[in-house]
Amino acid sequence: MNRSMKKFRKKGWACATIKYSMKGLCFKVGLLLIAGSLPALAQLGSVWHVPGETRPSSIYPAGMRDALNPNPSASVTFYQGVYKGGGDNQTGGTLYYRFGGGSWQNVALNFHANETGTSVQIWKSSVSMPSAAGTVVDYYFATTFDNRTSPTYIYYNGATATTATQSTAQANP
Numbered sequence: 311m312n313r314s315m316k317k318f319r320k321k322g323w324a325c326a327t328i329k330y331s332m333k334g335l336c337f338k339v340g341l342l343l344i345a346g347s348l349p350a351l352a353q354l355g356s357v358w359h360v361p362g363e364t365r366p367s368s369i370y371p372a373g374m375r376d377a378l379n380p381n382p383s384a385s386v387t388f389y390q391g392v393y394k395g396g397g398d399n400q401t402g403g404t405l406y407y408r409f410g411g412g413s414w415q416n417v418a419l420n421f422h423a424n425e426t427g428t429s430v431q432i433w434k435s436s437v438s439m440p441s442a443a444g445t446v447v448d449y450y451f452a453t454t455f456d457n458r459t460s461p462t463y464i465y466y467n468g469a470t471a472t473t474a475t476q477s478t479a480q481a482n483p
């Protein structure tokens, strides 16, 4: 191991002694360089879901949840958006849902469309609502990307929110 010790002097006084290892220093600098060149694996994707949101392009029929207030036994389509301008390339995902506080179920997200003239892409899933009127439906999304290791979870707790942890999304669907 290549270790060195340097003494710094100012007007004859020993001001500081610095010990360092060139091997350790090179390793740390190497890690910083590698970390700076990798994609942001821990960053969240630029994704959203606002149930009543409409878009000027009419890329989806009514809102991001169609129908916004569904009838019993109706099929409802859930849309989710991703802004690709920042390098986010969504590859898929999952819609998690449950009825009346029951067990979580899931269905795959499928590509819907690219919004013309923007960097917005829309994904969707459809779910049949329960036959009992007034049943509470909880849901959240897990979006996957080609440039990060973990999904970005989208949940709606009064406003669109994202997290890297599924437990947070499940606790606040």
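Whatever position you read off the sequence shown (first residue = 1), add 310 for my numbering. Heads up, the beta-carbon is just placed ideally off N, CA and C, and yes, glycines get one too. Fair warning: this is a prediction, and the values are worked out from it, not measured in the lab.
- Rounded to the nearest angstrom, the Cβ distance from Y450 to Q431 is 19 Å, too far for a contact under 8 Å.
- Y393 is positioned such that its CB atom lies no closer than 8 Å to that of D448.
- When DSSP assignments are scanned along the segment 407-481, the uninterrupted stretches of alpha helix (DSSP H) that are 4 or more residues long and fall wholly within it turn out to be 476-481.
- In the three-state reduction of the DSSP assignment, G355 falls in the coil class, being assigned neither a helical nor a strand state.
- For Y389, the closest C-alpha among the options T470, A474, N482 and Q476 is that of T470.
- D456 and N381 have their C-alpha atoms some 37 Å from each other.
- When the beta-carbon positions are compared, V437 and V360 stay at least 8 Å from each other.
- Residue pairing by DSSP puts V386 in a beta bridge opposite V437.
- Looking at the DSSP output, V392 bridges to V357 and Q431.
- A straight line joining the alpha-carbon of A443 with that of G411 spans about 15 Å.
- In the three-state reduction of the DSSP assignment, G362 falls in the coil class, being assigned neither a helical nor a strand state.
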